[in-house]
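Scroll down for the structure; my scribbles are underneath it.
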Amino acid sequence: MSIIASGTASGGIGYTPENPGPQWADWAYTVTAQSAISHYSFAHELGHNLGANHNWTTEPAQPDNGASGYFPKKGDWSSLMAYESGCRKATKGACGRINRFSNAQQTYRGEVLGVPTTKPGSADSSLVLNRTGTAVAAYRAAKTDNSLCGVTTSVSPTGGGSVTPEQQGPYTQGSKIYFTAKPSSGYVFDHWTLDGKKQTSTSTKIQLTLSADRTLKATFKKATTPASTVTTSTSGGGTVSTAKKSRDAGGDALYEAVPAPGWHFAEWRLDGSYAGDDDIALDPAPGTAQLTAVFERCRHTLDGRTEGGRGKVELSQPGPYADGDTVEATATPAKGYVFQDWLLDGQPYGGDEENAHGETAVTFQEQSHTLTAIFVRTRGMAGRP
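The opening position of the sequence shown corresponds to residue 1 in the working numbering, with each subsequent residue numbered one higher.
In structure tokens form, the structure reads like this:
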């Protein structure tokens, strides 16, 4: 069970089983702040329920079983289970959280996503989650809502390509969902088979109208894969550049959306249709395609203030900010004072996990914020404030 909390709450909580099994069924729940979902805190807490831990610098006493979060030496990013604050302390890098679990077999922007379990300080959460997922899924008997429809996809031959839906199911009755076939190197798309019947269309994209469960198979045949002719463009302030190749992408070309100052990346559009909101996009299926990166202006501000004593508030990055952005704040007391608490928009705010040390995080969702650090005089000090 997952509970989404509204209001000014931030972050979340999820229990981590030592050894997932039926005895942990009553603890398989998470609580996540609505404002933190775009910061991937929802996936972070689910990772805990599946047995994943934080990164080694934040949680050095954890077992060395691969279930750890990860960040690279330069701190260019942090995986889902890693703390950005711990990454910044260790690397002084940007350390922005990405929507990826640590994985020693994959890369992200040219850097390995983890450390193999055969090495000290292992970080391969994906491997661990694949092992524990079956046990966690068996906590409760599966129940299916009869009003929802599923689509079972497959390919022929194995390894000939892949099928990707525009959004993951299950789907409500009446939904119209596009599915796209992408051939592997050395193959081309041949035809679709829907509910056991061969379709006449040779397009790599097919739209299904769902009123019941359906099966969809993409058939490929060996041939020289035609090259993709991709024209890139932008809407708003930003550029599209060719990103580094990634092993998990099978060597396909990648495109990266790079926002201009004061702008943020919103989404990709492929031939006019929505094509995801990750700032890295894979090369589309063979053929001619128009790939557009859509940017929107950042519009939120964070006003850092102090109250009750002397000190300062430092922000990890200047504004303005976009929906989903997360800013780290550090409260540093002046000599003779100590940090006591945070207020967000005038209300008590625990913020991130390290608020007791004068650190917190604010995630933006539809509004700007005022963050106040409260300082008090050290006990026993005398003299003027």
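Glycine included, C-beta positions come from ideal geometry on N, C-alpha and C.
In this text, all values refer to a predicted model and were calculated from it rather than measured experimentally.
Q | Same chain only: Cβ atoms within 8 Å of G311, ignoring 5 sequence neighbours per side | A | Indexing the sequence shown from 1 puts residue 311 at position 311. Once the five neighbours on either side are set aside, the close Cβ partners of G311 are A331, T332, P333, A334, Y337, F339, A373, F375.
**Q.** Anticipated Cβ contact below 8 Å, W192 with S201, distance rounded
**A.** On the sequence shown, position 192 is the one that residue 192 refers to. On the sequence shown, position 201 is the one that residue 201 refers to. Sure, about 6 Å apart at Cβ, within 8 Å.
Q.
Can you look up T370 in the DSSP assignment and give me helix, strand or coil?
A. By one-based count along the sequence shown, residue 370 stands at place 370. In the structure shown, T370 sits in a strand (DSSP, three-state: E or B).
Q | Proximal residues to A135 (C-beta, below 7 Å), its chain only, five neighbours per side dropped | A | Within the sequence shown, residue 135 is the residue found at index 135, counting from 1. Contacts found: P20, G21.
Q: Taking N103 as part of the alpha helix (DSSP H), name the residues at either end of that continuous run.
A: Residue numbering aside, residue 103 sits at position 103 when the sequence shown is read from its first letter. Careful: N103 lies outside any alpha helix (DSSP H), inside the beta strand (DSSP E) at 103-108.
Q) Which residue spans inside the segment 125-164 form an unbroken alpha helix (DSSP H) run of at least 4? A) 125-137
Q) Measuring CA to CA, which of P63, T153, S68 is closest to N55? A) As a position in the sequence shown, residue 55 is number 55, starting the count at 1. Among P63, T153, S68, the Cα nearest to that of N55 belongs to S68.
Q) Could you give the residue range of the beta strand (DSSP E) that holds R214? A) What you label residue 214 is simply residue 214 of the sequence shown in a count that begins at 1. R214 -> beta strand (DSSP E) spans 214-222.
Q: Compare the beta carbon distance of G186 and F101 with 8 Å and say whether it is the shorter of the two.
A: The residue labelled residue 186 in the question sits at position 186 within the sequence shown. The residue labelled residue 101 in the question sits at position 101 within the sequence shown. For G186 and F101, no; Cβs fall outside 8 Å.
Q. Do T363 and S38 come within 8 Å of each other at the CB atom, strictly closer than that value?
A. On the sequence shown, residue 38 is found 38 positions in, with the first residue counted as 1. On the sequence shown, residue 363 is found 363 positions in, with the first residue counted as 1. Taking 8 Å as the Cβ cut-off, S38 and T363 qualify as a contacting pair.
Q) T209: buried (16+ other C-beta within 10 angstroms of its C-beta) or exposed? A) Position 209 of the sequence shown holds residue 209. The residue is exposed, with fewer than 16 neighbouring Cβ atoms inside 10 Å.
Q: Spatial neighbours of T370 within its chain, please: CB distance less than 7 Å, with the 5 preceding and 5 following residues excluded, ordered by chain position.
A: The residue labelled residue 370 in the question sits at position 370 within the sequence shown. Within the same chain, T370 has close Cβ partners D303, R305, D345.
Q: Quick one: grab the DSSP three-state call for W27.
A: By one-based count along the sequence shown, residue 27 stands at place 27. Looking at W27 - three-state DSSP - the assignment turns out to be helix.
(Q) Going by beta-carbon coordinates alone, are L113 and N103 separated by less than 8 Å? (A) Taking the sequence shown and counting its residues from 1, the one referred to as residue 113 is at position 113. Taking the sequence shown and counting its residues from 1, the one referred to as residue 103 is at position 103. It is a contact, given that the beta carbons lie within the stated cut-off.
Q.
DSSP three-state label for T330, please.
A. For the purposes of this step, residue 330 is identified with residue 330 of the sequence shown, where counting begins at 1. T330 falls in the strand class under three-state DSSP.
Q. Who are the near neighbours of D248 in its chain, counting only those whose CB is closer than 6 Å to its CB and skipping five residues on each side?
A. Taking the sequence shown and counting its residues from 1, one reaches residue 248 at position 248. Model confidence at D248 stands at a pLDDT of 41, short of 50, so the residue's coordinates are unreliable; what they give is reported in the following sentence. Once the five neighbours on either side are set aside, the close Cβ partners of D248 are Q106.
Q.
Can you give me the C-alpha to C-alpha distance between W268 and P120, rounded to a whole angstrom?
A. Position 268 of the sequence shown, counting from 1, holds the residue named residue 268. Position 120 of the sequence shown, counting from 1, holds the residue named residue 120. Taking the straight line from one Cα to the other gives about 39 Å.
Q) Taking the alpha helix (DSSP H) that H44 falls in, what are its first and last residues? A) For the purposes of this step, residue 44 is taken as the residue at position 44 of the sequence shown. 41-49 is the span of the alpha helix (DSSP H), which, as asked, contains H44.
(Q) Within the continuous alpha helix (DSSP H) that includes K89, where are the two ends? (A) For this step, residue 89 is matched to residue 89 along the sequence shown. Run containing K89: 84-91, per the alpha helix (DSSP H) assignment.
Q) Using the rule of at least 16 other Cβ atoms within 10 Å of the residue's Cβ for burial, across every protein chain shown, is G133 buried or exposed? A) On the sequence shown, residue 133 is found 133 positions in, with the first residue counted as 1. G133 comes out exposed.
Q: Rounded to whole angstroms, what's the CA-CA distance from W24 to Y70? Just pull it up for me.
A: On the sequence shown, position 24 is the one that residue 24 refers to. On the sequence shown, position 70 is the one that residue 70 refers to. So the two alpha carbons sit approximately 26 Å from each other.
Q: Within the same chain, show all residues whose beta-carbon is closer than 6 Å to that of R88, passing over the 5 residues directly before and after it, in chain order.
A: Walking along the sequence shown from the start, residue 88 turns up at place 88. Cβ within range, chain order: C95.
Q | Nearest to A257 (by Cα), restricted to the options Y274, G159, S233 | A | Here residue 257 corresponds to residue number 257 of the sequence shown, with the count starting at 1. Answer by Cα proximity: S233.
**Q.** H44 versus A223 - alpha carbon distance
**A.** Position 44 of the sequence shown, counted from the start, is the residue given in the question as residue 44. Position 223 of the sequence shown, counted from the start, is the residue given in the question as residue 223. Approximately 42 Å, taken between the alpha carbons.
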